[in-house]
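As structure tokens, the structure follows; a few thoughts come after it.
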Amino acid sequence: MIHQYENNGYRIVLDVNSGCVHVVDGIGYDVIACLADISQEHTEESLKSEGIWEKLLKELKEKYSEEELKETLDDVTELVKAGQLFTKDLYEGFAGEVKKRKTVVKALCLHIAHDCNLACKYCFAEEGEYHGRRALMSFDVGKKALDFLIANSGSRRNLEVDFFGGEPLMNWQVVKDLVAYGREQEKLHGKHFRFTLTTNGVLLNDEVQEFVNKEMDNVVLSLDGRKEVNDYMRPFRNGKGSYELIVPKFQKLADSRNQEKYYVRGTFTRKNLDFSKDVIHFADLGFKQMSIEPVVGEESEEYAIRKEDLPVIFEEYDKLAKYMIERERQGKGFNFFHFMIDLEGGPCLAKRLSGCGSGTEYLAVTPWGDFYPCHQFVGEEEFLMGNVDEGVTHPEIADDFRGCNVYSKEKCRNCFARFYCSGGCMANSHKFHGSIHDTYDIACDMEQKRVECAIMIKAALAEERK
Ligand code: SF4
Ligand code: SF4
Ligand code: SF4
């Protein structure tokens, strides 16, 4: 399968199945388009056929000479011979295996506090309460969750635990006690816990920072960008903005971690479709690791992204991509997670085909110890999978999630971005289509655009290094 597009003056050809990226000239671009029109897979032999040459002449002889076309077809044939263009899809056959494979639990998202000191307008957790009562996780529940993870992780050594909320710092002592318990247990069981804290920063102080720097592999800092943008969406319960209080603490924390192993995570909404300015604002504040994700909300919400917003959003991604190349050239580059793409190897096959692992390798645990496929499903009773006392009591839910991969969905099977996106977010699919086996089209359009931009950035910087 071939995907070709022009961006920032580069003509880019992606051979989807091999992952090879080619930056080509005008004639190369046109010849490949013409060949792709005939078939998405070619061999050295098929390119020698009369029909191919006739089609090239018919379509392109007005634009290019016969000699130029001949030369370009030879170049294309070399790439086909080298397995870099018009390659076969070798993965489709593995999709069944991925579905059948035995999985172990590798990660837990601990809902340490279903409570929050902010009142963000788009909060999917309903200001931390998740369709339910306010609650804090007890040490006992957290301990059982870590025991469950150890017992269900097979031979896997590294185990991920995300302290999540609401706002986990509202239950800080339990976080610290669970880290201590985890450190004790990992020695006994030959495991290693990688802890992450996701926080809104309101309660961040020197003591928290010191602990986090000693124990947490990663910290996710929630902030939406410019002061007016952040304060509109992320106010305190009394309506006052949170930016002034939080930003200096986040800057200090990021510096204390040498600008590594953390990221500032924002959400953009219909209220700030010019979100490239918010990413640039993060960079101007000195942050080096960041992401800004589109909000997911019902169309009836005034802040929700609508289909008609997509052209503006695409322009913003284009602007941001160009800006990042410029900053890189100046030696002031930064990482924007949605443009980080591994063109060399990428994740393992199962991950490339089936994505985030929710419901199988990754579970969310509520304050009272119930298991859900991930934080987005918490409170939806049909997705209640079990609990810390009884383990997974509804394995059929895990099976359903395991069966979800890029080949089980028609739209993904034909999507050029499938190996980077891995089939999208099952929670969004459920929210918009009532099934985890579909895709949320607006998110797909944005994902495809981000993949195009990410490839363009890599191609542009690689060209310069030549
Ligand atoms: S900080 Fe997080 S949990 Fe709290 S209101 Fe905002 S989005 Fe919701
Ligand atoms: S972008 Fe959409 S269609 Fe493409 S792989 Fe991802 S979820 Fe599937
Ligand atoms: S289903 Fe969606 S929200 Fe849940 S972990 Fe996967 S990508 Fe994230």
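Residue numbers are given in the working numbering: position 322 of the sequence shown equals residue 318, and the series is strictly consecutive.
All C-beta atoms, glycine included, are put in the ideal place defined by N, C-alpha and C.
Problem - Boundaries (first-last residue) of the alpha helix (DSSP H) holding P244 - result: Y239 to S252
Practice task
Can you check DSSP and say which residues form a bridge with D366?
Solution key: BP columns for D366 point to N383.
Problem - Through-space distance from C352 to L142, alpha-carbon basis - result: 20 Å
Practice task
Return yes when the C-beta of M442 is under 7 Å from any heavy atom of ligand 3, and no when it is not.
Solution key: no
Handout entry: Which listed residue (I301, E324, Q444 and E378) has its alpha carbon closest to that of C408
Key = Q444
Practice task
Taking 8 Å as the cut-off, decide whether the C-beta atoms of I34 and K51 are in contact.
Solution key: yes
Problem - Whole alpha helix (DSSP H) elements within the stretch 254 to 319, 4-residue minimum - result: 272 to 280
Handout entry: Rounded C-alpha distance that separates D366 from A131
Key = 13 Å
Handout entry: Proximity below 8 Å, CB of V361 to CB of C105
Key = yes
Handout entry: 8 Å Cβ shell around R323 - same chain, five flanking residues per side excluded
Key = A279, G329 and F330
Practice task
Could you check which residue in C449, N410 and F397 has the C-alpha nearest to that of S425?
Solution key: Checked all of C449, N410 and F397; the closest Cα to S425 is F397.
Practice task
Alpha carbon to alpha carbon, how far is S354 from E74? Give it in angstroms, no decimals.
Solution key: 42 Å
Problem - Supposed contact pair I301 and P290 - C-beta distance, whole angstroms, cut 8 Å - result: A Cβ-Cβ distance of about 5 Å is found for the pair P290 and I301, placing them in contact under the 8 Å criterion.
Practice task
Would you check whether ligand 3 has a heavy atom nearer than 7 Å to the C-beta of M422?
Solution key: yes
Practice task
Return yes when the Cβ of G262 is within less than 8 Å of the Cβ of G235, no when it is not.
Solution key: no
Exercise for the section: Sort out for me which residues DSSP pairs C16 with in a bridge. Expected result: Paired residues: D11.
Practice task
Tell me whether P369 is buried or exposed, calling it buried when 16 or more other Cβ atoms sit within 10 Å of its Cβ.
Solution key: buried
Problem - beta-carbon N196 near ligand 1 non-hydrogen atom, thresh 7 Å - result: Yes, since a heavy atom of ligand 1 falls inside the 7 Å radius drawn around the Cβ of N196.
Exercise for the section: Assess, as a yes-or-no matter, whether the stretch 401 to 417 is touched by the stretch 432 to 452 under the definition of 3 or more beta carbon pairs within less than 8 Å. Expected result: yes
Handout entry: Three or more C-beta pairs below 8 Å linking the stretch 183 to 192 and the stretch 230 to 244
Key = no
Exercise for the section: Would you mind sorting G217 into buried or exposed? The rule is 16 or more other CB atoms within 10 Å of its CB. Expected result: According to the sequence as given, residue 217 is Leu; it is not Gly. Buried, because 16 or more other Cβ atoms sit within 10 Å of the Cβ of L217.
Exercise for the section: Assuming G237 contacts D251 (C-beta within less than 8 Å), just tell me the rounded distance between them. Expected result: About 23 Å separates the two Cβ atoms, so there is no contact after all.
Exercise for the section: Could you tell me which residues DSSP puts in a beta bridge with C469? Expected result: What the structure shows of the chain is the stretch from -3 to 462, and residue 469 is not part of that stretch, so it cannot be assessed.
Handout entry: For E156, three-class secondary structure by DSSP
Key = strand
Exercise for the section: Within the same chain, show all residues whose beta-carbon is closer than 7 Å to that of K274, passing over the 5 residues directly before and after it, in chain order. Expected result: Residue 274 is actually Asp in this sequence, not Lys. The residues are D220, G221, R222, V225, G262, F264, N268 and I288.
Practice task
Confirm the yes/no value for this check: CB of A115, any heavy atom of ligand 1, distance under 7 Å.
Solution key: yes
Problem - Short Cβ contact (8 Å threshold) for Y118 with M229 - result: yes
Exercise for the section: Indicate, with yes or no, if ligand 1 has a heavy atom lying under 7 Å from the CB of C400. Expected result: No, the Cβ of C400 stays beyond 7 Å of every heavy atom of ligand 1.
Exercise for the section: Work out the CA separation of D136 and V175 for me, nearest whole Å. Expected result: 13 Å
Handout entry: Three-pair Cβ contact test at 8 Å for the stretch 67 to 85 versus the stretch 141 to 158
Key = no
Practice task
Compare the Cα-Cα distances from P231 to each of F271, D314 and A115 and report the closest residue.
Solution key: A115
Practice task
Go through its chain and collect everything with a Cβ distance to L306's Cβ below 6 Å, but skip five positions before and after it.
Solution key: D441
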